[in-house]
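To start, the structure under review is shown below, and the notes come after it.
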Amino acid sequence: MRRWLLLGLSLLACSDSGPPPYGIAGAPEQRFRFEAEESFDIDGTKVRSVRFADLTLRAKPETSGETEVELYIDRYSSRTEGMPDGASELSLSEKGYWVQTAKTGRVGFGPDEKTLGGDTPLEIRARPAASADLDTNGEILAPLWQSPHPILFDIALLDWLLVALPTRAPEGSRAWVARRTVPQTGRFNLGVELPLRWEVAPDAPGLVRASGSVTRGSLRVADGLEGKLALDARGEAELLPDGRVKIATFELRLDLQSEDGTHVASIHRVLVRCASCEDPINSPARSSDSAGDREGIPKQGHVDDLPDHGGVRRGV
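Per my numbering, residue 6 is the first one in the sequence shown, and the count goes up by one each step.
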């Protein structure tokens, strides 16, 4: 109980320096297991997608007190069912990269084979897939950067982590609001602000819960698709005594009634598990790239050192 009391005090503490707590940047390097199940109903046509990823999140505190977080994809796989052209699958891992569709069959590249982009799957995995700048409370200072690489561009992961992992509570508060942006939902990149109200759970030590909702009377979400939008979000995160996130769940429900009569409803469920919580909080994760090569992957460099930096900014 004493350690949770200390954690509660740390939840309410606010500092002008150092990286923000709570898993977003609670340690210089962390590993997470990401799982997502998403379902869409478009005028009765049902589409289902499942995604799995092993991720590395690296935090780089700046002298100004801000923190840059970079996301690296160690492994990623997805499967989509219900599309008019059939099911599709995608995989990126130490074994290479491949895509399979009903129309083209399976097309892929080995770990050391050059892709159409001119680089290998190993090189792709060594690059940041996305990054974001955070203030000392974990608030996003600018729209997140997403790699323009054709393989990484549509793999939305960091935006989901940023809504699933809580920010820091203002001093003396047990409830606070985090300013976030609706993550990419399927092919829709809404760019809508999603205020999340986080609260320390009164009935469970080390647990924080989130809720939020947004409505728009008229919003254009894609070419030829504009109408009334309603969003509802719920989440919770279990914290370790040192402030890192052990496990977090997040659910987003979307309902769009288009002006042309099209109705779109979707449910997005995300689960994030800490995969490096057994490591000391201020030590690099074991077998990480910062400690040396991992399974032949070149040592990860800073996002600004990579030739494909430029990318796009998503969010606010």
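All C-beta atoms in this analysis are idealised placements derived from N, C-alpha and C, irrespective of residue type, glycine included.
### Query
So Leu257 and Lys251 are in contact, right, with Cβ under 8 Å, and what is the actual spacing, rounded?
As a first step, residue 257 must be located in the sequence shown, where it is residue number 252. As a first step, residue 251 must be located in the sequence shown, where it is residue number 246. With a Cβ gap of about 21 Å, Leu257 and Lys251 do not count as contacting.
### Message
For the beta strand (DSSP E) containing Val104, name the first residue and the last one.
### Response
Counting from one through the sequence shown, the residue named residue 104 turns up at place 99. Val104 -> beta strand (DSSP E) spans 101-106.
### Task
Helix, strand or coil for Val187, going by three-state DSSP, please let me know.
The count along the sequence shown starts at 1 and reaches residue 187 at position 182. Coil.
### Query
Expressed to the nearest angstrom, what Euclidean distance is found between the alpha-carbon atoms of Val52 and Asp79?
Numbered from 1 along the sequence shown, position 47 holds the residue referred to as residue 52. Numbered from 1 along the sequence shown, position 74 holds the residue referred to as residue 79. Spanning the two alpha carbons is a distance of roughly 27 Å.
### Query
Below 7 Å between beta carbons: does that hold for Ala280 and Arg38?
For the purposes of this step, residue 280 is identified with residue 275 of the sequence shown, where counting begins at 1. For the purposes of this step, residue 38 is identified with residue 33 of the sequence shown, where counting begins at 1. Yes, the pair counts as a contact, with Cβ atoms nearer than the cut-off.
### Query
Should the segment 166-183 be called in touch with the segment 80-89, which here means at least 3 C-beta pairs below 8 Å?
no
### Message
Restricting to runs no shorter than 3 residues, where is the beta strand (DSSP E) found entirely within the segment 147-205?
### Response
149-151, 180-186, 198-205
### Query
Would you report the Cα separation of Arg179 and Ser93, rounded to the nearest angstrom?
The residue labelled residue 179 in the question sits at position 174 within the sequence shown. The residue labelled residue 93 in the question sits at position 88 within the sequence shown. Going from the Cα of Arg179 to the Cα of Ser93 covers about 44 Å.
### Query
Can you check whether the CB of Thr172 is closer than 7 Å to the CB of Asn142?
On the sequence shown, residue 142 is found 137 positions in, with the first residue counted as 1. On the sequence shown, residue 172 is found 167 positions in, with the first residue counted as 1. It is a contact, given that the beta carbons lie within the stated cut-off.
### Task
With a 10 Å radius around its C-beta and 16 neighbouring C-beta atoms as the bar for buried, classify Val112 as buried or exposed.
On the sequence shown, residue 112 is found 107 positions in, with the first residue counted as 1. Classification of Val112: exposed, given that the 10 Å Cβ count is below 16.
#### Entry: Selected residue, minimal CA-CA separation from Asp265, among Asp228, Glu128, Ile160
The sequence position of residue 265 within the sequence shown is 260, counting from 1. Out of Asp228, Glu128, Ile160, Asp228 has the C-alpha closest to the C-alpha of Asp265.
#### Entry: Distance, Lys100 Cα to Ala242 Cα
Within the sequence shown, residue 242 is the residue found at index 237, counting from 1. Within the sequence shown, residue 100 is the residue found at index 95, counting from 1. Those two C-alpha atoms are separated by around 32 Å.
### Message
Please classify Asp294 as buried or exposed, where buried requires at least 16 neighbouring CB atoms within 10 angstroms.
### Response
To locate residue 294, count along the sequence shown from 1; it is residue 289. Confidence is the limiting factor: at Asp294 the pLDDT is only 40, short of 50, which leaves the residue's position unreliable, though a coordinate-based value still follows. The residue in question, Asp294, is buried, as its Cβ has 16 or more Cβ neighbours within 10 Å.
#### Entry: Exposure of Ala41, with buried meaning 16 or more beta-carbon neighbours within 10 Å
Within the sequence shown, residue 41 is the residue found at index 36, counting from 1. It is buried - the Cβ of Ala41 has at least 16 other Cβ atoms within 10 Å.
### Task
Could you work out which residue in Asp48, Leu139, Pro207, Ser271 is closest to Thr68 when comparing CA atoms only?
In the sequence shown, residue 68 corresponds to position 63, counting from 1. Comparing Cα-Cα distances from Thr68 to each of Asp48, Leu139, Pro207, Ser271, the minimum goes to Leu139.
### Task
Taking only the alpha-carbon atoms, compute the straight-line gap between Ala64 and Glu34 and give it to the nearest angstrom.
For this step, residue 64 is matched to residue 59 along the sequence shown. For this step, residue 34 is matched to residue 29 along the sequence shown. Straight-line Cα distance between these residues: approximately 6 Å.
### Query
Buried or exposed: where does Ala107 fall if 16 or more other Cβ atoms within 10 Å of its Cβ makes it buried?
Locating residue 107 in the sequence shown gives position 102, where the first residue counts as 1. Exposed is the call here.
### Message
Excluding the 5 residues flanking Ser218 on each side, which residues of the same chain have their C-beta closer than 8 Å to its C-beta?
### Response
Here residue 218 refers to the residue found at position 213 when the sequence shown is read from its first residue. The residues are Ala235, Leu236, Asp237, Ala238.
### Task
Give the single residue among Gly91, Asp117, Gly122 whose Cα lies nearest to the Cα of Thr109.
By 1-based counting over the sequence shown, the position of residue 109 is 104. Here the closest residue by C-alpha is Gly91.
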